Amino acid sequence: MKDYPIQNVKDTRSGFGEGLAELGKENPDVVALCADLIGSLKMNAFQDAYPERFFQVGISEANMMGVAAGLTIGGKIPFTGTFANFSTGRVYDQIRQSIAYSGKNVKICASHAGLTLGEDGATHQILEDLGMMRMLPGMTVINPCDFNQTKAATKAIVKHEGPVYLRFGRPKVPNFTAVDQKFEIGKAWMVSEGTDVSIFATGHLVWKAIEAGKLLAEEGISAEIINIHTIKPLDEKAILDSVRKTKCAVSAEEHMVNGGLGDAVSQVLSRNFPAPQEYVAVNDTFGESGKPEALMTKYGIDTANVINAVKKAIARKS
Amino acid sequence: MADIAALKDQVTQVRRDIVRMVHAVNSGHPGGSLGCAEYFVALYNEILRHDPENFTIDGKNEDLFFLSNGHISPVWYSVLARSGYFPLDELKTFRKIDTRLQGHPTTHEGLPGVRVASGSLGQGLSVALGAALTKKLNGEDRLVYSLHGDGELQEGQIWEAAMFAAARGIDNIISTIDYNGRQIDGDVEDVLDLGDLDAKWTAFGWDVMHMDGNDIEKVLEGLKEAQNRTGKGKPVMIIMRTEMGNGVDFMMGSHKWHGVAPNDEQLESALEQNPETIGDY
């Protein structure tokens with residue numbers, strides 16, 4: 001099991017904020033929009049440095065998506081910022097028609113995704129966003145795992161022509177990936193090689209998978225851990241190469257069991273190499289108020305759940 | 319000076335195109351399309367600074383037009399084709415399999431003239447405002463035009479956009495409401511009364527004008543007046559009175575021809591009322 005020292009503990013949204021500010025300097029076509037959540041999205045640095053390219057739209061997310069689509073006409077590259085719930089479910093039809101179907105180069109940047117938003121509760125804890133976004137033709141869907149990776153992803157998506165959904169979160173979490181990493185959209189990252197099971201994790205669950213991998217190693221189980229930061233387009237080759245070796249899979253995500261990474265992995269396996277798969281995800285229920293860690297435990301997306309899922313998957317191997 | 323007789327001939331021809339297109343596939347929206355024939359003919363022939371033969375989505379250094387009430391695609395397609403955006407003959411493919419002339423306008427099949435998909439209502443004003451902002455960021459003095467249905471104003475996003483435009487002083491946009499007073503389920507005032515539209519848009523910070531949309535000379539005059547009102551710190555709104563189904567007697571005076579195609583006899587009558595002028599497609 002490869003070791004990943006924790007460099008520091010930081011929120012992924014701050015990685016977005018830093019990345020966006022650097023993009024503002026590097027690319028004069030980058031513009032940003034926010035629906036009254038500048039502080040929460042960490043967009044202050046961009047706003048302060050490039051006020052003429054920053055648009056506060058107020059609490060009107062539908063309008064924000066439309067204005068962003070329009071800004072692309074004439075060559076701007078808009079980054080929208082609001083919570084994941086208001087970035088997807090609230091504006092699904094605007095994204096569908098004005099952005100995805102129209103092929104607009106809008107970067108939908110969504111913070112406070114999933115349960116780890118915490119105390120605000122289920123009204124804000126969207127667990128369906130990956131599913132909604134990956135169903136849209138032409139949409140690229142990215143869920144990086146820590147501060148450094150979120151920053152790298154933010155900077156990478158500007159070079160991709162087309163709509164992107166970039167999902168990140170609120171809490172401070174271990175920052176363990178390389179500062180100078182090269183972020184390749186659609187290319188899974190091999191976190192640690194193993195032989196007994198393939199763990200495909202995304203977002204905050206990547207660190208949980210690493211924690212699980214260490215504990216499993218103590219029990220003599222060799223887990224291969226792969227960070228699927230890009231859920232669409234999915235790195236099918238990485239998934240198949242791994243499962244052909246390990247013969248079973250676990251998917252792990254801070255998302256509903258329906259529609260997210262687990263479903264995406266399952267589709268690849270059932271078509272190409274049927275193998276036992278267990279899901280670490282929220283089981284068709286809404287969240288609630290509470291501390292992020294307590295919520296992850298209660299709703300079954302913690303380190304222990306990854307370990308249990310691994311053991312179940314291995315036991316199901318024929 | 320505009321050749322009014324020639325414009326009127328094109329309006330009549332566009333009406334023929336609309337009813338023929340809709341009849342050929344027994345589907346589509348003739349009512350609103352007919353009511354806006356004068357607006358489109360005036361806009362594309364006399365108002366827009368555009369380059370139909372070299373269409374690009376970005377439309378840099380061109381005026382841009384956005385149709386928010388995408389269901390009146392027949393009138394737009396007819397005028398786009400007659401302005402040189404794509405071959406006239408392609409109007410035959412309207413709503414048929416493999417066509418670029420989808421039921422509602424879209425960029426998806428690459429139809430020149432269309433810069434965003436519309437059909438799901440209420441979204442076009444936001445998009446037009448974004449494009450207007452980009453014109454400003456790019457230092458262009460070109461204008462953005464948009465058209466909206468009156469029933470469409472029941473969508474909340476319109477009012478989000480209305481507030482945003484005025485608050486940000488987006489004054490390089492001329493939006494128009496097709497105020498025909500009809501929508502699918504009946505008269506707008508019965509379905510959901512819009513109240514005092516002039517007062518609403520004025521209160522939202524727009525410079526509001528009124529225009530008779532079925533008199534080509536008044537449309538030209540109105541659009542030119544609207545141009546004079548741009549660049550003064552406020553977005554410009556034209557409340558354009560039209561008659562749904564205008565130019566085809568049995569389609570006028572009712573909401574019933576919003577989205578219904580004429581049968582063979584009705585087509586014949588509509589074409590008799592609008593004789594061929596500059597050539598059928």
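Heads up: the protein sequence lines correspond to chains A and B, in order.
If you read the first sequence in the numbering used here, its first letter stands for residue 1, the second for the next number, and so on.
If you read the second sequence in the numbering used here, its first letter stands for residue 319, the second for the next number, and so on.
Positions of the beta carbon are idealized from the N, C-alpha and C atoms, including for glycine.
From a predicted model like this one, the values you see are computed outputs, not experimental measurements.
Original post:
Beta-carbon of A/Tyr270 versus every beta-carbon of chain B: anything under 9 Å?
Top reply: A quick correction: the sequence has Ser, not Tyr, at residue 270 of chain A. False, the Cβ-Cβ gap to chain B never drops below 9 Å.
Original post:
So with Cβ pairs under 9 Å, would you call B/Asn387 a contact of chain A?
Top reply: no
Original post:
Is it a yes or a no for the segment 40-48 of chain A touching the segment 441-454 of chain B, going by three-plus beta-carbon pairs under 8 Å?
Top reply: no
**OP:** Out of A/Leu166, A/Gly262, A/Ile231, state which residue places its alpha-carbon closest to the alpha-carbon of A/Thr82.
**Re:** A/Leu166
Original post:
How far does the alpha helix (DSSP H) with B/Ile336 in it reach, from first residue to last?
Top reply: 322-343
**OP:** Report the three-state DSSP secondary structure of A/Thr246 (helix, strand or coil).
**Re:** helix
Original post:
How should B/Met555 be labelled, buried or exposed, when 16 other C-beta atoms within 10 angstroms of its C-beta is the threshold for buried?
Top reply: buried
Original post:
Of all Cβ atoms in chain A, is any one closer than 9 Å to the Cβ of B/Ser436?
Top reply: yes
**OP:** Check whether the Cβ atoms of B/Ser351 and B/Gly421 lie closer than 9 Å to each other.
**Re:** no
**OP:** Quick one: give me the first and last residue of the beta strand (DSSP E) that A/Trp189 is part of.
**Re:** 189-192
Original post:
Along chain B, in chain order, which residues have C-beta atoms closer than 9 Å to that of A/Ile95?
Top reply: The premise fails here: A/Ile95 is roughly 10 Å from chain B at the closest Cβ pair, so nothing lies under 9 Å.
Original post:
Between which two residues does the beta strand (DSSP E) carrying B/Leu465 extend?
Top reply: 462-467
Subject >> Option nearest B/Asn546 by Cα separation, candidates B/Asp489, B/Val329, B/His426 >> reply: B/Asp489
Original post:
When the Cα atoms are used, what is the spatial distance from A/Asn305 to A/Lys159?
Top reply: 37 Å
Subject >> When B/Val434, B/Met481, B/Arg486, B/Gly474 are compared against B/Ser464, the one with the closest alpha-carbon >> reply: B/Val434
Original post:
CA-CA distance, A/Ala249 and A/Val265?
Top reply: 9 Å
**OP:** With 9 Å as the threshold, decide whether the Cβ of A/Lys107 is near any Cβ in chain B.
**Re:** no
Original post:
Within this structure, are the beta carbons of B/Val337 and B/Asn532 separated by less than 9 Å?
Top reply: no
Subject >> The beta strand (DSSP E) enclosing B/Arg547, as first and last residue numbers >> reply: Not the beta strand (DSSP E): B/Arg547 falls in the alpha helix (DSSP H), residues 534-547.
Original post:
Using the C-alpha atoms, what's the distance from A/Asp196 back to A/Lys2?
Top reply: 15 Å
Subject >> chain B contact residues for A/Ala32, given Cβ-Cβ distances below 8 Å >> reply: None at all; the shortest Cβ gap to chain B is about 12 Å.
Original post:
Applying a beta-carbon distance threshold of less than 7 Å, which residues of chain B neighbour A/Val57?
Top reply: Phe482
Original post:
Could you give the C-beta distance for B/Gly402 and B/Pro370, rounded to a whole number, given that I count them as a contact under 8 Å?
Top reply: 4 Å
**OP:** Could you tell me the distance, in whole angstroms, from the CA atom of A/Val310 to the CA atom of A/Leu240?
**Re:** 17 Å
Original post:
Any idea which residues DSSP pairs A/Ala32 with across the strands?
Top reply: A/Phe54, A/Phe79
Original post:
Taking only beta-carbon atoms, is B/Gly440 less than 9 Å away from chain A?
Top reply: yes
**OP:** Return the first residue and the last residue of the alpha helix (DSSP H) that A/Ala275 is part of.
**Re:** Unbroken run through A/Ala275: none, as it is neither H nor E.
**OP:** May I have the straight-line CA-CA distance separating B/Glu356 from B/Tyr395, to the nearest angstrom?
**Re:** 14 Å
**OP:** Label A/Gly24 either buried or exposed according to how many other C-beta atoms from any shown protein chain fall within 10 Å of its C-beta, with 16 as the threshold for buried.
**Re:** buried
**OP:** Apply the 10 Å Cβ neighbour rule to A/Thr88 and answer buried if 16 or more other Cβ atoms are within range, or exposed otherwise.
**Re:** buried
Original post:
Along chain B, in chain order, which residues have C-beta atoms closer than 8 Å to that of A/Val67?
Top reply: Ser444, Val445, Leu447, Gly448, Leu451, Ala479, Phe482
**OP:** Please name the residue or residues paired with B/Ile495 in a DSSP beta bridge.
**Re:** B/His466, B/Ile557
Original post:
Ends of the alpha helix (DSSP H) at A/Arg134?
Top reply: 129-134
Original post:
If you measure from the beta carbon of B/Leu366 to each beta carbon in chain A, is any gap under 9 Å?
Top reply: no
Subject >> Coarse secondary structure for A/Thr195, derived from DSSP in three states >> reply: coil
Original post:
Does the beta carbon of B/Lys378 sit closer than 9 Å to a beta carbon anywhere in chain A?
Top reply: yes
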